[in-house]
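Enquirer: In the numbering used here, the protein residues as written are 7 to 168.
Have a look at the structure that comes next, please.
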Ligand code: OFO
């Protein structure tokens, strides 16, 4: 059975994942409003992934005979700046999530909660992948600039995300 402290920490992480989903959906809504359908698609896929992260934690709590409790999800921003600025915001957000996942891992070590350590390995690798993806897009935007042509090219590329 999962400890009360670990259950609470994972419930807090579920809230963070759901907020991440909401944040990326807000970014998708911004890009759709700006007619960047590829950027919007990328953000919608990311929003779905974040919800699936929340659900991984949700299922894990029940696998360990715990209970999920939800807290309010904060309102995401509705005003955004340039695509480069938005992806820098995404990276910053993911770096915060990485720190939170690491904290959960530290708690698992402290409590000698080996199953939670194992479960978190997936999230630790996932954070490496997410930060890498964000950095690639930031590098593209910094190298090629934000001229209409380079933004259109990137929009087409991001539309291909599965
Ligand atoms: Fe964006 O990552 Fe979830 O955990």
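Quick reminder that beta carbons are idealized off the backbone N, C-alpha and C, glycines included.
Values in this document were obtained by computation on a predicted structure and should not be read as measured data.
Are the stretch 27-35 and the stretch 48-64 in contact at 8 angstroms, needing three or more beta carbon pairs?
Expert: yes
Enquirer: For residue 159, collect the residues of the same chain with a Cβ closer than 8 angstroms to its Cβ; drop the 5 residues on either side in sequence, then sort them by chain order.
Expert: Correct list, in chain order: 150.
Enquirer: Count the CB pairs spanning the stretch 93-108 and the stretch 127-139 that are closer than 8 angstroms, and state whether there are at least three.
Expert: yes
Enquirer: Output needed for residue 83: all residues of its chain with C-beta closer than 7 angstroms, excluding positions within five of it in sequence on either side, in chain order.
Expert: Beyond the five residues adjoining it in sequence on each side, residue 83 comes within less than 7 angstroms, by CB distance, of 32 in the same chain, given in chain order.
Enquirer: For residue 7, name the three-state secondary structure that DSSP assigns.
Expert: Of the three classes helix, strand and coil, the one that applies to residue 7 here is coil, per DSSP.
Enquirer: Check residue 20 in the structure and name its three-state DSSP category.
Expert: helix
Enquirer: From 26, 121, 107, 70, pick the residue whose C-alpha is nearest to that of residue 58; which is it?
Expert: For the set 26, 121, 107, 70, the Cα lying nearest the Cα of residue 58 is the one of 26.
Enquirer: Within 10 angstroms of the Cβ of residue 127, are there 16 or more other Cβ atoms? Answer buried if so, exposed if not.
Expert: exposed
Enquirer: Under 8 angstroms, Cβ to Cβ, is there at least one residue of chain C near residue 44?
Expert: Within the model displayed, chain C is absent; a lone protein chain is all it includes.
Enquirer: Rounded to whole angstroms, what is the Cα-Cα separation between residue 119 and residue 109?
Expert: Put simply, the backbone Cα of residue 119 is about 13 angstroms away from that of residue 109.
Enquirer: Assuming residue 152 contacts residue 96 under a Cβ cut-off of 8 angstroms, what Cβ separation, rounded to an integer in Å, is found between them?
Expert: With 8 angstroms as the limit, residue 152 and residue 96 do not qualify as a contact, their Cβ atoms being about 16 angstroms apart.
Enquirer: Got a sec: does the ligand OFO put a non-hydrogen atom nearer than 7 angstroms to the Cβ of residue 23?
Expert: yes
Enquirer: Looking at the unbroken alpha helix (DSSP H) that takes in residue 114, where does it start and where does it end?
Expert: In this chain, the alpha helix (DSSP H) harbouring residue 114 covers 89-116.
Enquirer: Classify residue 143 as buried or exposed, calling it buried when 16 or more other Cβ atoms lie within 10 Å of its own Cβ.
Expert: Under this definition residue 143 is a buried residue.
Enquirer: Quick one: Cα of residue 63 to Cα of residue 18, how far?
Expert: So the two alpha carbons sit approximately 10 angstroms from each other.
Enquirer: With the cut-off set at 8 angstroms, would you say residue 68 and residue 16 are in Cβ contact?
Expert: no
Enquirer: Should residue 20 be labelled buried (16 or more other beta-carbon atoms within 10 Å of its own) or exposed?
Expert: By the 10 Å Cβ count, residue 20 comes out buried.
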